[in-house]
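Asks:
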Amino acid sequence: MKSMRTKRWALKIRIHKSRTVMRKAFPVYFFVLVLLSGCHPARNMISRTDTVPAGVDLQERYIKVFSSQDRTVSFSNQFAAGRLNHVTQENDSTFLLSIVPENKPVNPSPWYAFKVSASKPCRIYVKLFYDGFKHRYNPKIKSSTSQWREIGAVQLSKSKDTALARLEAGPDTLTVAAQEIITSKDSYKWMASLAAKPFIKSQRAGKSLMGKPVTVLHTSGSNGKRLVVVLSRQHPPEVTGYMAMQEFVETVTGDSDLARRFREQYELIVFPMMNPDGVDEGHWRHSAAGVDLNRDWEFFRQPEVRAVKDFLSRRTRRNAKVIFAIDFHSTFYDVFYTNSDTLNTNLPGFTNKWLNAFERAIPGFRPNVKPSGNGGNVSKSWMMRELKANALTYEVGDDTPRDLLKEKGRVAAEKMMELLLR
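Its first residue numbered 66, the sequence shown is counted upward by one per residue in this note's numbering.
1. Taking Val130 as the reference, which of Gly147, Ile388 and Ala183 has the closest Cα?
2. What do you get for Arg379, buried or exposed, if any count of 16 or more other CB atoms within 10 angstroms of its CB means buried?
3. Are the CB atoms of Arg326 and Leu485 within a distance shorter than 8 angstroms?
4. For Ala178, report the span of its beta strand (DSSP E) as first-last.
5. Applying the criterion that 16 or more other CB atoms from any shown protein chain within 10 Å of the CB defines a buried residue, is Ala257 buried or exposed?
6. Could you say which of Lys205, Gly271 and Asn288 lies nearest to Arg383 if we only look at CA atoms?
7. In whole angstroms, give me the CA-to-CA distance for Glu369 and Phe194.
8. In the DSSP assignment, find the beta strand (DSSP E) that holds Gly271 and state where it starts and stops.
9. In chain order, what residues of the same chain have a beta carbon less than 6 angstroms from the beta carbon of Ser446, not counting five sequence neighbours either side?
10. Identify whether Thr137 lies in helix, strand or coil by the three-state DSSP scheme.
11. Between the Cα of Ile391 and those of Val335, Leu323, Thr227 and Ser132, spot the shortest distance and give me the residue it belongs to.
12. Would you mind giving the Cβ-Cβ distance between Asn202 and Asp463, rounded to the nearest angstrom? I have them listed as a contact below 8 angstroms.
13. So what does DSSP say about Gln220, is it helix, strand or coil?
14. DSSP state of Asp392, grouped into three classes?
15. Looking at Ser141 and Ile189, is the spacing between their C-beta atoms short of 8 angstroms?
16. Would the beta-carbon of Ala372 fall within 8 angstroms of that of Val295?
17. What residue range does the alpha helix (DSSP H) around Pro368 cover?
18. Which two residues bound the contiguous beta strand (DSSP E) that contains Tyr331?
19. Within its chain, find whatever has a CB closer than 8 angstroms to the CB of Lys225; leave out the 5 residues flanking it on each side and keep chain order.
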């Protein structure tokens with residue numbers, strides 16, 4: 066077999082050891098059916114405090130080809146954000162695709178992404194098998210000539226750990242994924258387009274465990290003493306939250322009179338891609354260290370979270386105040402996780418005023434608000450506890466229509482600016 070030069074990272078981290086050992090290896094394209102090793106069945110558990118790395122082996126990257134008398138069907142995970150752990154052919158048209166997480170315990174967010182093609186047009190069936198986890202994301206597909214779209218209903222097994230989907234395969238490769246794929250490269254490109262504006266600066270606040278930039282964008286024009294902070298993509302599959310974040314940021318950095326006046330009074334600080342390793346490795350939840358980054362906001366063991374903390378701490382030591390902070394995520398439905406204490410902040414009561422204005426601006430919208438204490442190890446808790454910011458987590462629904470989530474991102478920004486300028 067002839068190998069093609071490509072990079073693969075394999076990472077093993079020992080619990081309770083300070084040393085991180087990283088190995089580089091070079092995979093090959095396999096044109097035969099290959100069995101994967103190092104993958105273990107997952108359990109349906111949610112980790113809430115897993116700030117100590119449990120270790121992760123990054124998945125093998127491969128192409129698998131299945132040939133019959135009349136056609137050849139190929140599956141691949143050889144691309145950024147791909148996740149496909151094993152393929153088994155059950156009959157001439159049905160394939161079992163095993164999808165397992167990067168490590169465990171892990172939140173039940175079974176991300177998958179693969180490419181499929183056939184030597185000639187044919188109908189095939191794929192069974193997405195999660196082994197102990199329930200199906201969450203209905204497949205979306207795109208081809209070289211089409212945009213992302215849902216394929217329609219899937220058939221679930223009784224235990225809901227297997228989803229059967231029908232695909233029309235052919236020479237034009239289909240990309241199939243849990244959500245629209247937005248890689249770190251895509252995000253860096255978007256950041257660069259924003260940084261082309263004269264009042265937006267882009268800089269590297271730090272780097273990920275695998276050496277990718279943790280980039281921060283921030284605006285100029287104000288005295289830099291009043292800050293609004295935006296975070297996104299701590300959790301790789303949470304694409305809808307990222308989309309809403311983009312609309313929020315583009316509204317604040319736009320050309321409206323409201324946005325220009327706002328930037329004269331406030332500085333916007335944005336960390337759009339906090340977990341580039343996890344995103345590009347197709348992880349369900351964690352970073353390359355096997356850690357939930359949004360459970361590291363107390364001890365700051367992870368370089369990605371530490372980069373944000375250090376950047377903001379430097380600013381606040383120069384007498385800047387974080388007035389408002391919003392961390393964009395995704396879950397099954399829209400929800401706002403707020404801090405119970407909204408009074409002992411740099412602008413008492415602002416969060417509730419903003420939520421009320423947000424609700425009034427969108428007909429039929431009723432924010433699902435879930436307050437909690439500020440003693441936890443998530444970003445909103447640290448922002449309020451240490452920086453006295455009005456801080457919250459905005460969870461955008463997995464299936465929220467894309468036009469609606471963009472409207473919500475825009476309105477969220479507009480109402481924030483209007484209230485802060487009063």
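Don't be surprised by glycine CBs; every beta carbon is placed ideally from N, CA and C.
Replies: So, to answer that:
1. For the residues Gly147, Ile388 and Ala183, the minimum Cα distance to Val130 belongs to Ala183.
2. The residue in question, Arg379, is exposed, as its Cβ has fewer than 16 Cβ neighbours within 10 Å.
3. Going by C-beta atoms, Leu485 is not nearer than 8 angstroms to Arg326.
4. That run of the beta strand (DSSP E) goes Ala178 to Ala183.
5. Here Ala257 is exposed: its Cβ has fewer than 16 other Cβ atoms, across all protein chains shown, within 10 Å.
6. Closest by alpha carbon: Asn288.
7. Straight-line Cα distance between these residues: approximately 31 angstroms.
8. Its beta strand (DSSP E) spans residues Ile265 to Lys272.
9. Excluding sequence neighbours, Ser446 sits near Asn439.
10. DSSP places Thr137 in strand when its eight states are reduced to three.
11. It is Val335.
12. The question names Asn, yet the displayed sequence has Tyr at residue 202. The Cβ separation is near 6 angstroms, so the contact holds.
13. For Gln220, the three-state secondary structure derived from DSSP is strand.
14. DSSP places Asp392 within a strand segment (E or B) once states are collapsed to three.
15. Against a cut-off of 8 angstroms, the Cβ pair of Ser141 and Ile189 comes out as no contact.
16. No, Cβ-Cβ distance for Ala372 and Val295 is not below 8 angstroms.
17. Taken as a continuous stretch (DSSP letters only), the alpha helix (DSSP H) holding Pro368 covers Pro368 to Arg382.
18. Neither: Tyr331 is in no beta strand (DSSP E) and is coded neither H nor E.
19. Around Lys225: Lys199 and His200.
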